[in-house]
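Heads up: the structure comes next, in structure tokens.
Protein chains: 2
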Amino acid sequence: MLRGVTEESRTLTIAEAAAATGLTPYTLRYYERDGLLLDAVERASSGHRRYTERDLGWIHLLTRLRATGMPIREIREYADLVRQGEGTEPERMALLQAHRDAVRAQLAEVTEHLAAIEMKIDVYAGRLASGTPVPEAAAG
Amino acid sequence: MLRGVTEESRTLTIAEAAAATGLTPYTLRYYERDGLLLDAVERASSGHRRYTERDLGWIHLLTRLRATGMPIREIREYADLVRQGEGTEPERMALLQAHRDAVRAQLAEVTEHLAAIEMKIDVYAGRLASGTPVPEAAAG
DNA sequence: CTCCACCTTGGAGCGCGCTCCAAGTCAACC
DNA sequence: GGTTGACTTGGAGCGCGCTCCAAGGTGGAG
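The listed protein sequences derive, respectively, from chains V and D. Position 96 (the first sequence) corresponds to 96 in the working numbering; numbering is contiguous. In the working numbering, each residue carries its 1-based index in the second sequence increased by 140.
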């Protein structure tokens, strides 16, 4: 297909945008419907969506927020603040800081659980190496 | 209520077990129904559940697996292996190792996204300190 | 001009992990 | 003996985040 190879146009179709962001076209439409994007995505004369670099950059940020567990609802709030324009920067920063703190806490918790799981693996490894049967005290 | 204070009985009611594990009674029943526990929980003559130390230890492990993102289905597989008894240790260990690897990968990914989010916060902080308006290039 | 892949929409469906409800049982206390 | 309250069950419901469907329009290749 190779659409958008010409000089003047750097927009992408939804399939291209999906490939570029790692999302599916379904998800991209869903995000737009749900108010997660800054504006409605541009359209070609056919009605097909055309994603700009700015769209992609924003979607990239969205995927970072999603991948760190921020709920859709909260991302929408952030997008709302950005749409409101200048003056909402303190609120935006506060929202991101709150999320950062939540992610840090989550990382710490998961890291702790991981250490316990690794110890359990070590127990299995030792057991298997020595041929010792399962101790009652450590069921599982 | 103070049930279970006597010497011979160290079992807990479902409410006590819930308090001890951080889960709800709903969730504890659900886990049991769904085959996540090693055996059906003991019952008092009234039919009420009585959780033993062994139950609590296992549930504690379940919460670690859940908190690190292991799906219910996979935990059930692990419980199935434990129920099958001796001989399944290599499979159990392999399952835990696969999970450990997934968790490590997840931690790495989240950590990377977190760094990007922190940089974005720094941009806001600098902007707010200097009174500079929002640069177009970094929408949001 | 036809074909076919890709796009559009509103709305339904799904998988997950709980979370809750209704109706009934039981133990303990007054 | 009656009331209270924690417990029991099977099954329904919910919030989240997609994921998909049906019916129809678009546009570049042959």
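Note that CB positions come from ideal geometry on N, CA and C, so glycine has one too. Treat the numbers as computed from the prediction; the structure is a model and nothing was measured.
The beta-carbon distance between I215 (chain D) and L202 (chain D), rounded to whole angstroms, is 6 Å. This is short enough to meet the 8 Å contact definition.
About 27 Å separates the beta carbons of L12 (chain V) and R73 (chain V), which is beyond the 8 Å limit, so they are not a contact pair. Around Q84 (chain V), no beta-carbon contact reaches into chain D at under 9 Å, the shortest distance being about 11 Å. Contact of I257 (chain D) with chain V is assigned, a C-beta pair being separated by under 9 Å. Cβ-Cβ distances below 7 Å link A234 (chain D) to nothing in the same chain once the five nearest sequence neighbours on each side are left out. Of the residues assessed, R232 (chain D) falls on the buried side of the cut-off, its CB having 16 or more other CB atoms within 10 angstroms.
Only R64, A67, T68, V82, E86, E89, P90, R92 and M93 from the stretch 62 to 95 of chain V bring a Cβ to less than 7 Å from some Cβ of chain D. Within chain V, L107 have C-beta atoms less than 8 Å from the C-beta of T251 (chain D), given in sequence order. At a C-beta separation below 9 Å, R100 (chain V) has these neighbours in chain D: L254, I257, E258 and I261.
In this structure, the beta-carbon distance from T192 (chain D) to R150 (chain D) falls below 9 Å.
As DSSP reads the structure, E182 (chain D) sits in a beta bridge with D:R190.
Close partners of V103 (chain V) in chain D (Cβ separation under 7 Å): V250 and L254. Listed in chain order, the non-local C-beta contacts of P165 (chain D) below 7 Å within the same chain comprise I154, A155 and A158, local neighbours out to five positions each way being set aside. If you check the CB distance, L163 (chain D) and I199 (chain D) come in under 9 Å.
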